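Now the structure itself:
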């Protein structure tokens, strides 16, 4: 146990986030990889394609953020992220017939993922000296960018531009996070509140079929 | 008035371009955001999707250029660009039924945008020490990249690869710009001439339906 | 002759690779540009579009790698790469009716390209201090990324995610390369062996219609 805790502490230092977040971050990464690999497999992508789409879904948002802020992508600094994605692919292969029954679990893991990625993106950006507004934008990029990259790779119109309200949840979570920090909260508490708010909105949105409207009357 | 002039001077210093260009740059940004948001709305993208596609159209070329030359994207350094894109989205929402009647105005604004983005891209690259040929290429990336990113996001084949001759106009404008600089012209004069040439070619192309040929006989 | 040798030596120093690789790298670049321009022309892309898709195919993998490792893309450091792509476009225009008869030659050039790009990507990453596993991943990105970028631009599902096994060949070649280096081989020898292995697997895959399986039972 001591070794595992030490490992996550090391990881936390590397990622400049509290070590207790690291394990949740890997849960979110796994959820992204499973969802991407599953979608790609449904479109008859081969194992390599499913692996790449899984990586893009899980790590794509953070990668776009890192490119924007001028850092080497986080998954090149520690093999744990690509290994987690590989594990996700293996899971899809082994449990392909049981994935539907696991849907609620994966939905929860996915919620942990996007809401936490959002906070990590904000925290990393603030740490590099970006202003608050830019950090919130970069949080949305981190939380919602993976889904966009996934949909580009599988040649679909990005889902979050039409149905999902991921980005709105990230924005709400981001505002809560920086608000709590400004009120003197510690990072851990602010992150927890931010995730609860973002996940709460998303769950309500799924339950009540909330979605953003579109501008009508512009069809070609 | 003094405050506004001061604001644009500050912006100009930040962007390393003459402050008088900044207001025209925002006009071009607005045109891109309106065109992107309009196109996305026509494809039933929700408000968030329309906002992102607007940003991609308006700021995408400059973003790709900044990533290539190793700089943090310009729109992360000042909120004015994202705010302009937000204003463009609001404009589309409010005036959606009058956009067709405003087409000539938006075409003009769009021309100001791409021709000026081209010059800004060249100037920024030269300022970082890139050789002239690379700066001209980066100008084309700045002027024409937004349209490519927009079309990737809305899952269409990039328009400028089949119909529009944006890139050719950028290339002509770029050659004129660096030529004028080499002849000892000041930046402002060279930029003005470059934009006139680029816009002129584009207007003639639209009027006379000019387009580049394609290599025939390779159909699958 | 002395001048040409000197030129390739200069290039080699610039690219941090043995100069003898440079000429083969340009052969690979040409193959990528021809394949991209050809595919784009078949979809009625105009000359500019065919040029860009050629560049994306030939230089896209190295560009993604350079963005990930925080370097200015290699093709912005020397005009020879874009000029090679332009030459590829001119070749497609002139020999469009003879390209089918040249198919075996282009297949060979393409094999030289992807296997060498893989090695160059690994070597460049190792030179920057990336760990071995990351360098191998970046080699795959360099060797296989161009095809993905090409397919995004022509709005198709990436071929290497469904049919081709480029990436598997790159991975095998990469393992051989770093293995040989660890055994004390010189860069040239390790690179040669790596390319032979990668090309060999690819040729066998084409001959015997090898492909990776996909995860069945997940269709929507």
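Protein chains in written order, with this note's numbering: chain A, 69 to 288; chain B, 69 to 288; chain C, 69 to 288. Just so it is clear, CB atoms sit at the ideal spot from N, CA and C, and this is done for glycine as well. In this text, all values refer to a predicted model and were calculated from it rather than measured experimentally.
Within 8 Å, strictly: CB atoms of residue i and residue j
i, j, result
"residue 229 of chain B", "residue 211 of chain B", "no"
"residue 215 of chain A", "residue 227 of chain A", "yes"
"residue 222 of chain C", "residue 150 of chain C", "no"
"residue 189 of chain A", "residue 101 of chain A", "no"
"residue 280 of chain C", "residue 236 of chain C", "yes"
"residue 184 of chain C", "residue 144 of chain A", "no"
"residue 119 of chain A", "residue 167 of chain A", "no"
"residue 159 of chain C", "residue 99 of chain C", "no"
"residue 105 of chain B", "residue 121 of chain B", "yes"
"residue 269 of chain C", "residue 209 of chain C", "no"
"residue 115 of chain C", "residue 234 of chain B", "no"
"residue 93 of chain A", "residue 110 of chain B", "no"
"residue 273 of chain B", "residue 261 of chain B", "no"
"residue 285 of chain C", "residue 164 of chain A", "yes"
"residue 178 of chain C", "residue 103 of chain C", "yes"
"residue 89 of chain B", "residue 259 of chain B", "yes"
Option nearest residue i by Cα separation, candidates the options
i, options, result
"residue 213 of chain C", "C/201, C/196, C/260 and C/238", "C/238"
"residue 141 of chain B", "A/138, A/121 and A/142", "A/138"
"residue 203 of chain C", "C/168, C/246 and C/161", "C/246"
"residue 180 of chain A", "A/121, A/120, A/254 and A/126", "A/126"
"residue 250 of chain A", "A/265, A/200, A/269 and A/234", "A/200"
"residue 191 of chain C", "C/244, C/111 and C/231", "C/244"
"residue 128 of chain A", "A/256, A/186 and A/177", "A/186"
"residue 219 of chain A", "A/123, A/164, A/97 and A/90", "A/123"
"residue 275 of chain C", "C/177, C/170 and C/232", "C/232"
"residue 147 of chain C", "B/264, B/256 and B/198", "B/198"
"residue 152 of chain C", "C/263, C/194, C/97 and C/112", "C/97"
"residue 39 of chain C", "C/278, C/134, C/162 and C/113", "It is not possible to answer for residue 39 of chain C, since the shown part of chain C is limited to 69 through 288."
"residue 30 of chain B", "B/162, B/217, B/265 and B/266", "Nothing can be reported for residue 30 of chain B, as the shown portion of chain B is limited to 69 through 288."
"residue 267 of chain B", "B/278, B/176, B/225 and B/112", "B/176"
"residue 117 of chain B", "A/225, A/113, A/255 and A/263", "A/225"
Where residue i sits in the DSSP three-state scheme
i, result
"residue 271 of chain C", "helix"
"residue 233 of chain A", "coil"
"residue 146 of chain C", "coil"
"residue 213 of chain A", "helix"
"residue 193 of chain B", "helix"
"residue 222 of chain A", "coil"
"residue 285 of chain B", "coil"
"residue 89 of chain B", "helix"
"residue 168 of chain A", "coil"
"residue 252 of chain A", "coil"
"residue 94 of chain B", "helix"
"residue 280 of chain B", "coil"
"residue 198 of chain A", "coil"
"residue 163 of chain B", "coil"
Residue-level contact to chain E via CB, residue i, 8 Å cutoff
i, result
"residue 280 of chain C", "The chain inventory of the structure shown lacks chain E, comprising the protein chains A, B and C."
Give, in chain order, every residue of the region 105-120 of chain C whose Cβ lies closer than 8 Å to some Cβ of chain B.
-> 105, 106, 108, 109, 110, 111, 112, 113, 114, 115, 116, 117, 118 and 120
May I have a chain-ordered list of the beta strand (DSSP E) segments no shorter than 3 residues that lie completely inside the region 105-147 of chain C?
-> none
Given a limit of 8 Å on CB to CB distance, which residues of the region 178-199 of chain C reach chain B?
-> For the region 178-199 of chain C, there are no residues whose beta carbon sits under 8 Å from a beta carbon of chain B.
Which residues, taken in chain order from the region 147-177 of chain C, show a beta carbon closer than 9 Å to some beta carbon of chain B?
-> Taking 9 Å as the upper bound on Cβ-Cβ separation, chain B lies near residues 147, 150, 157, 160, 161, 164, 165 and 167 of the region 147-177 of chain C.
Given a limit of 7 Å on CB to CB distance, which residues of the region 227-245 of chain B reach chain C?
-> Answer in chain order: 229, 230, 235 and 236.
Any residues in the region 127-141 of chain A with a beta carbon nearer than 7 Å to a beta carbon of chain B? Which ones, in chain order?
-> 135, 136, 137 and 138
Selection of the region 207-224 of chain B by Cβ proximity to chain A, strictly under 8 Å | 220, 221, 222 and 223
Any residues in the region 243-269 of chain A with a beta carbon nearer than 8 Å to a beta carbon of chain B? Which ones, in chain order?
-> none
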